[in-house]
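**Student:**
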Amino acid sequence: MRADDPKLMRIEPPKLTLAERFFLPQIAEGLGVTGRHVVGVAFQKKAITVQYPEEQHVPSPNYRGVHRLNKDEHDRIKCVACMLCATACPAHCIDIVGASAPPSWPDREKYPESFVIDELRCIYCGMCEEACPVEAIELTGLYDLTGLSREQMIFDKTKLLSVFDATKDAEPMKYAAPPPGPAPETKMLPSPLD
Ligand code: SF4
Ligand code: SF4
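With our numbering, letter number 50 in the sequence shown gets 50, and the count goes up by one each step, no holes.
Written as structure tokens, this is what we have:
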């Protein structure tokens with residue numbers, strides 16, 4: 001397109017007032033937000049922080065924290081080593097080695113001999129949970145994930161199953177039928193790394 005083309009539209013930048021040139025409206029708006037928080041904390045006792053670790057933050061129900069591998073009603077790992085989670089994972093941090101299921105497990109052909117997630121590479125997107133056809137992998141509300149080395153943050157099958165044992169009462173399996181009676185109270189549990 002040429003510079004003198006009649007179809008060319010020229011858009012003039014809006015004329016700014018002196019206050020707008022010095023960003024005064026935006027500064028006033030920002031100070032207003034800060035002021036609202038100060039008033040909320042000082043007079044309405046609306047604290048927006050917690051005194052962690054003495055006070056535990058309770059994340060929202062759809063928070064995506066540390067993974068767990070779920071077990072079925074026979075205390076067996078639910079995973080059938082279909083590899084869908086590893087295929088869906090955008091961070092390529094799931095490594096599974098499948099093997100033939102034991103003869104005493106007639107309901108499946110395969111199970112994961114090894115199941116490893118690199119929790120440091122994970123971006124906690126939840127795609128693995130979405131992809132799993134048997135609800136075997138879930139992200140929990142555990143957020144205080146710490147380790148002294150990179151190796152400690154690579155969770156193997158044993159560790160992922162131990163997260164299930166540590167969280168199953170506070171966080172029932174999302175897609176399982178709810179047990180009869182009132183829902184258990186949601187609360188944070190100690191990290192399995194402690
Ligand atoms: S949460 Fe996302 S990045 Fe992490 S293991 Fe699952 S699919 Fe991969
Ligand atoms: S966790 Fe689910 S998606 Fe991943 S391999 Fe096991 S059964 Fe398949």
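Each residue gets a CB set at the ideal place from its N, CA and C atoms; glycine is no exception. Just so it is clear, the structure is predicted and the values come from calculations on it, not from any experiment.
If you drop the 5 nearest sequence neighbours on each side, which residues of the same chain put their C-beta closer than 7 Å to that of C122?
**Tutor:** Working through the sequence shown from its first residue, we reach residue 122 at position 122. Closer than 7 Å at the Cβ level, and outside the excluded window around C122, lie A91 and C93.
**Student:** Hey, C128 and C82 are a contact pair by Cβ (cut 8 Å); roughly how many whole angstroms apart?
**Tutor:** For this step, residue 128 is matched to residue 128 along the sequence shown. For this step, residue 82 is matched to residue 82 along the sequence shown. In fact, because the Cβ distance is near 12 Å, the residues do not count as touching under 8 Å.
**Student:** Check L69 in the structure and name its three-state DSSP category.
**Tutor:** As a first step, residue 69 must be located in the sequence shown, where it is residue number 69. Looking at L69 - three-state DSSP - the assignment turns out to be strand.
**Student:** Label T17 either buried or exposed according to how many other C-beta atoms from any shown protein chain fall within 10 Å of its C-beta, with 16 as the threshold for buried.
**Tutor:** Here residue 17 corresponds to residue number 17 of the sequence shown, with the count starting at 1. The residue is exposed, with fewer than 16 neighbouring Cβ atoms inside 10 Å.
**Student:** Judging by CA-CA distance, which residue of H37, E54 and K159 is the nearest neighbour of I77?
**Tutor:** Numbered from its first residue, the sequence shown carries residue 77 at position 77. Comparing Cα-Cα distances from I77 to each of H37, E54 and K159, the minimum goes to K159.
**Student:** Residues near ligand 1, CB to any non-hydrogen atom under 7 Å, in chain order?
**Tutor:** So the residues near ligand 1 by this Cβ test are R64, H67, C85, A88, C89, P90, A91, C93, I94, I117, C122, I123, Y124, C125, G126, M127, C128, E129 and L139.
**Student:** Using the three-state DSSP reduction, which class does S149 fall into: helix, strand or coil?
**Tutor:** If you number the sequence shown from 1, residue 149 lands on position 149. Residue state, collapsed to three classes: coil.
**Student:** Is the region 149 to 156 touching the region 100 to 120, taking contact as three or more C-beta pairs under 8 Å?
**Tutor:** Touching, per the Cβ criterion.
**Student:** When the Cα atoms are used, what is the spatial distance from E171 to V163?
**Tutor:** Position 171 of the sequence shown, counted from the first residue, corresponds to residue 171. Position 163 of the sequence shown, counted from the first residue, corresponds to residue 163. Cα to Cα, E171 sits roughly 11 Å from V163.
**Student:** In the DSSP assignment, find the alpha helix (DSSP H) that holds V33 and state where it starts and stops.
**Tutor:** In the sequence shown, the residue the question calls residue 33 occupies position 33. Note, V33: alpha helix (DSSP H), L24 to F43.
**Student:** Grab me the residues of R64's own chain with a C-beta within less than 6 Å of its C-beta, minus the 5 sequence neighbours each way, in chain order.
**Tutor:** Stepping through the sequence shown from its first residue, residue 64 is reached at position 64. Here the set comprises Y124, G126 and L139.
**Student:** Is A28 near N70, with beta carbons less than 7 Å apart?
**Tutor:** Translated into the one-based positions of the sequence shown, residue 28 becomes position 28. Translated into the one-based positions of the sequence shown, residue 70 becomes position 70. Not in contact: A28 and N70 (Cβ atoms no closer than 7 Å).
**Student:** Mind reading off the beta-carbon distance from I96 to P106? Whole number of angstroms is fine, and I expect it under 8 Å.
**Tutor:** By one-based count along the sequence shown, residue 96 stands at place 96. By one-based count along the sequence shown, residue 106 stands at place 106. Wrong, their Cβ atoms sit about 22 Å apart, outside the cutoff.
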